[in-house]
Every structure is written in C-alpha cells, then in structure tokens.
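Following my numbering, the numbering of the sequence shown begins with 16 at its first residue and continues without gaps.
Notes follow the structure.
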Amino acid sequence: MNSTPGATVHTATAAERGHLVELRGLERHFGEVKALDGLDLTLTPGEMVVLLGPSGCGKTTALRILAGLDRPDAGQVLVAGKDLTSVPANRRDMGMVFQAYSLFPHLTVVENVAFGLKLRGRRKAARKQRAGDMLDLVGLGAHHDRYPWQLSGGQQQRVALARALAFEPSVLLLDEPLSALDAKVRVQLRDEIRRVQQEVGATTLFVTHDQEEALAVADRVGVMNAGRLEQLATPADLYGRPATPFVGQFVGLSNRVPVDRNGESVRVLGRLLPVLPGSVAGHGDALVRPECLDVTAQPDGGAVVVNVAFLGSISRVTCRLADDTEVVAQLPSAQAAHLRPGERVEVTVSDAPVMVLPSSAAPERAAVV
16 MNSTPGATVH TATAAERGHL VELRGLERHF GEVKALDGLD LTLTPGEMVV
66 LLGPSGCGKT TALRILAGLD RPDAGQVLVA GKDLTSVPAN RRDMGMVFQA
116 YSLFPHLTVV ENVAFGLKLR GRRKAARKQR AGDMLDLVGL GAHHDRYPWQ
166 LSGGQQQRVA LARALAFEPS VLLLDEPLSA LDAKVRVQLR DEIRRVQQEV
216 GATTLFVTHD QEEALAVADR VGVMNAGRLE QLATPADLYG RPATPFVGQF
266 VGLSNRVPVD RNGESVRVLG RLLPVLPGSV AGHGDALVRP ECLDVTAQPD
316 GGAVVVNVAF LGSISRVTCR LADDTEVVAQ LPSAQAAHLR PGERVEVTVS
366 DAPVMVLPSS AAPERAAVV
C-alpha cells in the first residue's frame, strides 16, 4: 500500500465520473416557515458548487433533499436525467461527509473506509485494495491500521472523505465538513478536499457558512437567502459583481459611502464609477471594497486616520472622511506602516464598479431557520 501523502490513484476524469444534477422548483415548508422557495439549481458534471448563506437560509435543506434525507413539498431532484425525488437515500449512489466525522470507533481506519463496500457485496480483497487506494488519495495510507481515536480531527475527516469516495459515488455531498476544526487545519483540509474532488471528478455540492472557504474551493458559489438562490456565479464574479443588494452586503467586506446617482455612473470620493445592475437611483450608499481604496499621507488631505490594524502581509486602515463617514482601506502592511492615528490623509478609490443601496437600508436577514 502506498503511504505517500496525496499519492496518485487512477481515477476517471470529471467528464467520465461526474453526473449532471438538477434541482427543479424545490419547495419545503416547516409549519409556516418556508425553508425553500422554488429553488432551481443545476450542477454540471464534475463541478463543485458551494451553497453559502447565513444560518437558516435553506442551504442545508437543499443538500438533505438531494441526499434523500428529506422530501420536498414540491419540485424534482434529477441526476443524469433520472428523477430521484422519491428514491430513498440508500439507493441514490451518493457519498456524504458530515460535520461530525461519524466513524465507527471499533473499526480500524481501513475498515471504516471499506464499510460501504462491504454493504455493497464487494469481495474482501477488492474492498481492501479500494480502501487502501482512497486512503493514499487523502494522504493517510500509513494510518490504515489505526483506530479513529488515535487520529486528529483533521485526519478523521480525511477518513470520512475517503469512505464517501470509496464506492465511486455519482455525487459527493459535503455538509459543513470543516466547521468543527481549528482554523489552520480547516485551511489545509479544504485545499485537500478540492484536490481530491478534482482528481476523482465527482459532481459535488458543498454547504458552508464560511465565505472564505466557499470562495477558495468552488467552481461556482450559490448565495442563498430566505430559501431563495440570490446569485450563482464564479467566486470572482460573485465578489466583484454582486447581482443583488443582499449578495453585495453579505459576501466580503464593504464600506458604505453616501453618493448621489445620476445615470449609469456615480461619483465616489471624487471619481466617477460605473454602477452595477440592481443599484438604486438618486441618493444612496455605494458599496466599496476595502482593497479598492488607497490611503496616502497628505498634510491638507480631506480625511483623518482613525486606526491601523496590522494583519500580517496586509493592514486595515480606518479613516474618517470630511463628512464623518468612516471607511476601511486594505493596504500592504509596508505601506500602512507609515500611517498613524490622527494623521491627515487623502483617500482615493479605484475604478471598480459599485452597487448603490438605499442609504437607509440595513443588512437583510434570512427569514427561515
């Protein structure tokens, strides 16, 4: 058995392994609460889609319905063109990794990974070979004889991933699999999950509330709010061109700068910027990303430094503008090191498009639990 971390295992390409997944008009009610409100979502073969949203937005409900662990009140679930809406979970050929590792404590690592293959009637030698290959794939080939209690949390989650992939599922489902881990391990394992997913080519639905996690691993990210899909886009498009006010406020950090919109552009900090679809006309607040702002020391500048927060390679500089609006700029720490609270500065903005919201708008909240 090859024990090299990340050892290459012969796997099919995404086009060969992945299946088309379609969620059509899904509705789900819990009493008077509408958890899903006509959800339409398509995953292309071999694609990883991450559903992102606040608690209660409906993302986990969607995943459970796809897994067969819950039934929709209306709508369809199709995989490779087959309607699985009424098919029980154990006949859906889907691998699932939960937040809790759910490993059998009395079985060794290799026995845990091979468990699903045993239920499917695979011969012992074939089970052992396949389980060993999957452990090699997740970098745990040298740990096959250990028990779950002898592993770290990150290693246990790798075992859970290997087990989910062992029987070559048509669809891989990940239900906040990293939320129980510490920050450093979470970053390492999310990258490992992405590598493994690309290597095996399984169509994957990943549910998380962690924005950084979603943007780092997804082919496309779907932002959900109150049971509806607000936007489905690549991470770059989602971040740079939010389609709705909710997405603009929810994804990433933004400053709210008072502006008056006239036509298809708006003047922000003295610069005319294009506005994104969905922006309001007239008086409102432009959402400006911290990295789109620059701060330079200037004795007669129109802003004052309030605070400088060092974050390693970058620093966040809070400034108070002439109208008392406070904005945060994200700068290289080498540049921010020369700035001091109370110092007068000039704040300028890049030419990235902005979304304009009503000035009185408060961040929207998800309405379902």
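The beta carbon of each residue, even a glycine, is placed where N, CA and C say it ideally should be.
Bear in mind that the values here come from a model prediction, so they are computed numbers and not experimental data.
### Query
If we ignore side chains and look at the alpha-carbon of each, how far apart do Phe45 and Gly285 end up?
What you label residue 45 is simply residue 30 of the sequence shown in a count that begins at 1. What you label residue 285 is simply residue 270 of the sequence shown in a count that begins at 1. Going from the Cα of Phe45 to the Cα of Gly285 covers about 50 Å.
### Message
Across the region 62-73 and the region 238-246, are there enough close Cβ pairs to call them in contact, namely three or more that are closer than 8 Å?
### Response
yes
### Query
Would you call the CB atoms of Val332 and Val310 closer than 8 Å?
Taking the first residue of the sequence shown as 1, we reach residue 332 at position 317. Taking the first residue of the sequence shown as 1, we reach residue 310 at position 295. Contact: yes.
### Query
With respect to the beta strand (DSSP E) encompassing Ala301, which residues constitute its N-terminal and C-terminal limits?
Position 286 of the sequence shown holds residue 301. Per DSSP, Ala301 belongs to the beta strand (DSSP E) from Gly297 to Val303.
### Query
Who are the near neighbours of Pro368 in its chain, counting only those whose CB is closer than 6 Å to its CB and skipping five residues on each side?
In the sequence shown, counting from the first residue as 1, residue 368 sits at position 353. Taken in chain order, the residues that qualify are Pro289 and Leu291.
### Task
For Gly278, count neighbouring Cβ atoms within 10 angstroms of its own Cβ and tell me buried if that reaches 16, exposed if not.
One-based indexing of the sequence shown puts residue 278 at position 263. The residue in question, Gly278, is exposed, as its Cβ has fewer than 16 Cβ neighbours within 10 Å.
### Message
Gly154 and Gln203 - do their beta-carbons sit closer together than 8 Å?
### Response
Residue mapping note: residue 203 aligns to position 188 of the sequence shown, counting from 1. Residue mapping note: residue 154 aligns to position 139 of the sequence shown, counting from 1. A distance of 8 Å or more separates the beta carbons of Gln203 and Gly154.
### Query
Considering only C-alpha positions, which residue in the set Asp52, Leu66 and Gln264 is nearest to Leu230?
As a working note, residue 230 is residue 215 in the sequence shown. Considering only alpha carbons, the answer is Leu66.
### Message
On the DSSP bridge list, what partners appear for Pro347?
### Response
As a position in the sequence shown, residue 347 is number 332, starting the count at 1. BP columns for Pro347 point to Ile329.
### Query
Among Glu183, Gln172 and Ala177, which one has its Cα closest to the Cα of Asp197?
Translated into the one-based positions of the sequence shown, residue 197 becomes position 182. Cα-wise, what sits closest to Asp197 is Gln172.
### Which residues DSSP lists as bridging Val283, in chain order
Stepping through the sequence shown from its first residue, residue 283 is reached at position 268. According to DSSP, which records beta bridges pairwise, Val283 is partnered with Arg286.
### Query
Under a Cβ-count criterion, where at least 16 other Cβ atoms within 10 Å of its own Cβ denotes burial, should Gly33 be classed as buried or exposed?
Taking the first residue of the sequence shown as 1, we reach residue 33 at position 18. Taking all protein chains shown into account, Gly33 has 16 or more neighbouring C-beta atoms within 10 Å of its C-beta and is therefore buried.
### Task
Keeping to the same chain, check which residues put their C-beta closer than 7 Å to that of Ser374; ignore five residues upstream and five downstream.
Taking the sequence shown and counting its residues from 1, one reaches residue 374 at position 359. Closer than 7 Å at Cβ, skipping near neighbours: Pro273, His298, Gly299 and Asp300.
### Message
Could you tell me the alpha carbon to alpha carbon distance between Glu358 and Gln345, rounded to whole angstroms?
### Response
The count along the sequence shown starts at 1 and reaches residue 358 at position 343. The count along the sequence shown starts at 1 and reaches residue 345 at position 330. Roughly 17 Å separates the two Cα atoms.
#### Entry: Neighbourhood of Arg335 by C-beta distance below 7 Å, restricted to the same chain and skipping five residues each side
As a first step, residue 335 is located in the sequence shown; it is residue number 320 there, counting from the start. Cβ neighbours of Arg335 beyond the five flanking positions: Ala318, Val319, Val321 and Glu341.
### Task
Whole angstroms is fine: what's the gap from Ala382's alpha carbon to Gly53's?
By one-based count along the sequence shown, residue 382 stands at place 367. By one-based count along the sequence shown, residue 53 stands at place 38. Unreliable placement is indicated for Ala382, whose pLDDT of 31 sits below 50; no coordinate value is reported for it.
### Query
For Glu227, is the classification buried or exposed, using 16 other Cβ atoms within 10 angstroms of its Cβ as the cut-off for buried?
Translated into the one-based positions of the sequence shown, residue 227 becomes position 212. With fewer than 16 Cβ atoms within 10 Å of its Cβ, Glu227 is classed as exposed.
### Task
Can you tell me which of Met149, Gly156 and Met63 puts its alpha carbon nearest to the alpha carbon of Arg178?
The residue given as residue 178 occupies position 163 in the sequence shown. Comparing alpha-carbon positions, the option among Met149, Gly156 and Met63 lying closest to Arg178 turns out to be Met149.
### Query
Taking all protein chains shown into account, do 16 or more other C-beta atoms lie within 10 angstroms of the C-beta of Pro5, making it buried, or fewer, making it exposed?
Residue 5 cannot be examined here, being either before or after the span of the chain that is shown, 16 to 384.
#### Entry: Straight-line gap, Leu118 to Val124 (C-alpha atoms, nearest Å)
Here residue 118 is taken as the residue at index 103 of the sequence shown, counted from 1. Here residue 124 is taken as the residue at index 109 of the sequence shown, counted from 1. Approximately 9 Å, taken between the alpha carbons.
### Message
Using a Cβ distance threshold of 8 Å, determine whether the region 109-116 contacts the region 182-199, with at least three qualifying pairs required.
### Response
yes
### Query
Distance, Cα to Cα, Ala296 vs Val371?
Numbered from its first residue, the sequence shown carries residue 296 at position 281. Numbered from its first residue, the sequence shown carries residue 371 at position 356. Taking the straight line from one Cα to the other gives about 8 Å.
### Query
Would Arg145 pass as a contact of Leu166 if the rule is Cβ separation under 8 Å?
Taking the first residue of the sequence shown as 1, we reach residue 145 at position 130. Taking the first residue of the sequence shown as 1, we reach residue 166 at position 151. Contact: no.
### Task
Compute the Euclidean distance between the alpha carbons of Tyr162 and Leu122, then round it to the nearest angstrom.
Walking along the sequence shown from the start, residue 162 turns up at place 147. Walking along the sequence shown from the start, residue 122 turns up at place 107. A direct Cα-to-Cα measurement between Tyr162 and Leu122 gives close to 6 Å.
### Task
Give me the Cα-Cα distance between Ala27 and Arg107, rounded to the nearest whole angstrom.
Within the sequence shown, residue 27 is the residue found at index 12, counting from 1. Within the sequence shown, residue 107 is the residue found at index 92, counting from 1. Only weak support is given to the placement of Ala27: the predicted model assigns it a pLDDT of 48, under 50, and the value that follows is read from those uncertain coordinates. Approximately 20 Å between the Cα atoms of the pair.
### Residues of its chain near Ala425, where Cβ-Cβ distance is below 6 Å and the 5 sequence neighbours each way are ignored
Here the chain has residues from 16 to 384 only, and residue 425 is not among them.
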